[in-house]
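For reference, the structure discussed in these notes is given below.
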Amino acid sequence: MIPGDRVLARLAHLVEEASGNAVGPAQAPLLAEAGRRRAAAGGFADLAAYVQALEGWALADEWRQLLPLVTVKESYFFRTPEHFRAVAEVVVPQLLVARAGTRRLRLWSAGCARGEEPATLAIVLAEVRELAGWDWRILATDVDEEALAVAQSGVYGARAVAAVPEPLRHRYFRERGGKFHLSAHLQERLDYRALNLVHAPFDLPEQPFDVVFLRNVLIYFRPEAQQRLVQAIVPTVAPDGFLFLGPCETLWQLTDQLAPVDLGDCFCYRHPAPAPPPAPTVPPPPLACPARPTPPAAPSTPPHQVEAGPTRPLPLPGAEAVATAVQALAEGRQEAARSAVAAALLATPTEPAAHALEGLLADSCGDLPAALAGYRAALFLDAQLFQVRLLLADCLARQGARERARLEYRVVLRTVDSGRGRELPFTEALSLPSARAARERAATALRSQFPPPS
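Here the sequence shown is numbered in the numbering used here, starting from 216 and rising by one per residue.
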């Protein structure tokens, strides 16, 4: 008999081939339990016999039963609210102008699970008065047909709608028996369809889309599958459309056909605009020293001492990739740093240091939009990283986003003064500013660049 771990490895490989989802060690118990349940339901003697039948394509319809048991479906309304605020305040106003002739909008929620994401988008669009009378629709797709059935029902529990502001909850839901029913006029705007993102190219008559949400999908795919999926997604985004990924996902080294665009509290990806005539730019600050001189006088109120918290160990090869990237950045070896940063992002996509290094590398190359995207992703994962916050503020100031830069400098001061700030781990070789130095730089920037009105 084949040992259990080998059987499980074969099953994990089959799941990845069928869905694109890489099953790591943490998901192994879930996969084993799902496999045993389906083996018993199918009358197989054991898991090995079940896997053998899957490998022989003797169970063509079995994937409809197995995949829902091993795919991630946890979500809720207004998850990552910055994205929906950007849609309402930045994206829709631009599309109102761009689509004024057709008065038509098409959005796609790819990997919609139980429908919280597309329903949130529907609420956001319904709140825009200028869209009254427009033809707008949202396509919601997922590989899990059971999850799609829940989405089509439009019925959600209290936990799913907990983040919906009370006025919107009252306007767009009806509560019955502890369940919240999405209003029928919003459901009519939503089209649900089973779609496996592994099976590219996609046959979607609605494309290209004005807005595509592909959030928290890439993070579950291996690099090769990420590459294939992104190449298939690019043509589905309209030439002037918007692509949103999860806050700790990136298109770093996956495609150069879409570029990051800063939206204030978050970022998205768009097709690059034609390059304008070159203009002189202010170079980014050196990595190992402050961007601007600071006065020798200490602040009148000394900040709390901020110490780096206990550095959590990174799994290999993530730790090696981060260390290699740090050393290459410190030595100015950009190509080596680029390869190492890409490896770090793929190995540990939820490690703030990997995204901060992505930002630092882009910053050193003068790519401000990509730098902003990297810094924002790192801060989404750990908002107390005052050094990254300072780099973000500096970057915004150089970009000319004065008001947002001012707000970020103030957050640096508050973070340091609160004593809760943390230094960016694993980056000692970069000589990033200490808590005191970061506070002085932020305070100096506020005094010199944003003087109080006289």
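The beta carbon of each residue, even a glycine, is placed where N, CA and C say it ideally should be.
Using CA atoms only, rank isn't needed, just tell me which of the options is closest to residue i.
| i | options | result |
| --- | --- | --- |
| Pro423 | Arg430, Trp467, Cys580 and Ala453 | Ala453 |
| Ala557 | Val537, Ala545 and Thr642 | Val537 |
| Phe601 | Pro240, Gly636 and Ala568 | Gly636 |
| Val432 | Val445, Val426, Ala243 and Ser633 | Val445 |
| Ser579 | His298, Ala569 and Ala552 | Ala552 |
| Asp220 | Asp632, Pro244 and Ala612 | Pro244 |
| Pro438 | Gln468, Pro416 and Leu575 | Gln468 |
| Pro450 | Phe436, Val427, Ala440 and Ile434 | Val427 |
| Gln614 | Gln280, Arg662, Asp477 and Thr642 | Asp477 |
| Gly359 | Gly326, Arg389 and Ile353 | At residue 359 the sequence reads Asp, which differs from the Gly that was named. Measuring from the Cα of Asp359, the nearest candidate turns out to be Gly326. |
| Arg621 | Ser663, Gly369 and Lys394 | Ser663 |
| Ala301 | Tyr484, Ala569 and Asp350 | Tyr484 |
| Asp350 | Ala315, Arg384, Val376 and Glu361 | Ala315 |
| Pro380 | Thr335, Arg344 and Gly369 | Thr335 |
| Gln242 | Glu270, Val285 and Ala488 | Val285 |
| Pro240 | Arg252, Leu226 and Pro420 | Leu226 |
| Glu248 | Glu232, Glu270 and Pro283 | Pro283 |
| Gly479 | Glu231, Leu397, Ala268 and Ala303 | Ala303 |
Starting from the C-beta of residue i, find all residues in its chain whose C-beta is less than 7 Å away, skip the five residues before and the five after it, and write them out in chain order.
| i | result |
| --- | --- |
| Val603 | Ala571, Tyr590, Ala593, Leu594 and Leu639 |
| Glu403 | none |
| Leu310 | Leu320 and Asp425 |
| Ala577 | Ala585, Ala586 and Gly589 |
| His298 | Phe459 and Cys481 |
| Val222 | Leu262, Ala263 and Val266 |
| His228 | none |
Within 10 angstroms of its Cβ, does residue i collect 16 or more other Cβ (buried), or is it exposed?
| i | result |
| --- | --- |
| Glu331 | buried |
| Gln549 | exposed |
| Ala373 | exposed |
| Leu410 | buried |
| Thr317 | exposed |
| Val324 | Per the sequence shown, residue 324 should be read as Ser rather than Val. Counting Cβ neighbours within 10 Å, Ser324 comes out buried, since at least 16 surround it. |
| Pro567 | buried |
| Glu623 | buried |
| Gln312 | Here the sequence assigns Val to residue 312, which means Gln is not the residue at that position. By the neighbour-count rule (16 or more Cβ atoms within 10 Å), Val312 is not buried but exposed. |
| Pro475 | buried |
| Cys504 | Confidence at Cys504 is low in this model, with a pLDDT of 31, below 50, so its placement is unreliable and no value can be given for it. |
| Arg430 | buried |
| Asp418 | exposed |
| Ala399 | exposed |
| Gly271 | exposed |
| Ala328 | buried |
| Gly574 | buried |
Does the beta-carbon distance from residue i to residue j come in below 7 Å?
| i | j | result |
| --- | --- | --- |
| Gln542 | Ala644 | yes |
| Pro333 | Leu405 | yes |
| Ala540 | Ala559 | yes |
| Tyr387 | Ile338 | yes |
| Leu605 | Ala653 | yes |
| Ala650 | Val631 | yes |
| Val376 | Arg384 | yes |
| Arg619 | Leu611 | yes |
| Ala440 | Pro416 | no |
| Leu322 | Ile353 | yes |
Please return the same chain residues whose Cβ sits closer than 8 Å to the Cβ of residue i, not counting the five positions on each side in sequence.
| i | result |
| --- | --- |
| Ala378 | Tyr291, Phe292, Phe293, Arg294 and Pro296 |
| Pro525 | Interpretation of Pro525 is limited by its pLDDT of 42, a score under 50 that renders its predicted location unreliable; no figure is taken from the coordinates. |
| Thr565 | Ile434, Cys463 and Leu596 |
| Leu346 | Val307, Leu311, Leu320 and Leu340 |
Can you find the residues in the same chain that come closer than 6 Å, C-beta to C-beta, to residue i, ignoring five residues on each side of it along the sequence?
| i | result |
| --- | --- |
| Tyr407 | Ala355, Leu363, Ala366 and Gln367 |
| Tyr265 | Ala254 and Phe259 |
| Glu535 | none |
In terms of residues, what are the limits of the alpha helix (DSSP H) holding residue i?
| i | result |
| --- | --- |
| His486 | Note, His486: premise wrong, no alpha helix (DSSP H); not H, not E. |
| His385 | Glu381 to Tyr387 |
| Arg414 | Here the sequence assigns His to residue 414, which means Arg is not the residue at that position. Counting along the chain, His414 falls outside any alpha helix (DSSP H), and DSSP gives it neither H nor E. |
| Ile338 | Glu331 to Ala341 |
| Ser646 | No alpha helix (DSSP H) holds Ser646; DSSP gives it neither H nor E. |
| Val427 | Counting along the chain, Val427 falls outside any alpha helix (DSSP H), though it belongs to the beta strand (DSSP E) covering Phe424 to Leu429. |
| Ala657 | Ala650 to Gln664 |
Which two residues bound the contiguous beta strand (DSSP E) that contains residue i?
| i | result |
| --- | --- |
| Pro475 | Ala474 to Asp477 |
| Glu352 | Reading the sequence as shown, one finds Arg at residue 352 and not Glu. Where Arg352 is concerned, the enclosing beta strand (DSSP E) stretches over Asp350 to Asp357. |
| Ala453 | Val452 to Leu460 |
| Ser398 | Segment: none, Ser398 is in no beta strand (DSSP E) and carries neither H nor E. |
| Arg678 | As displayed, the chain neither begins before 216 nor continues past 669, which places residue 678 out of reach and without an answer. |
Less than 6 Å separating the Cβ of residue i from some heavy atom of the ligand SAM?
| i | result |
| --- | --- |
| Thr563 | In terms of ligand content, the structure shown is empty, and the ligand SAM therefore cannot be addressed. |
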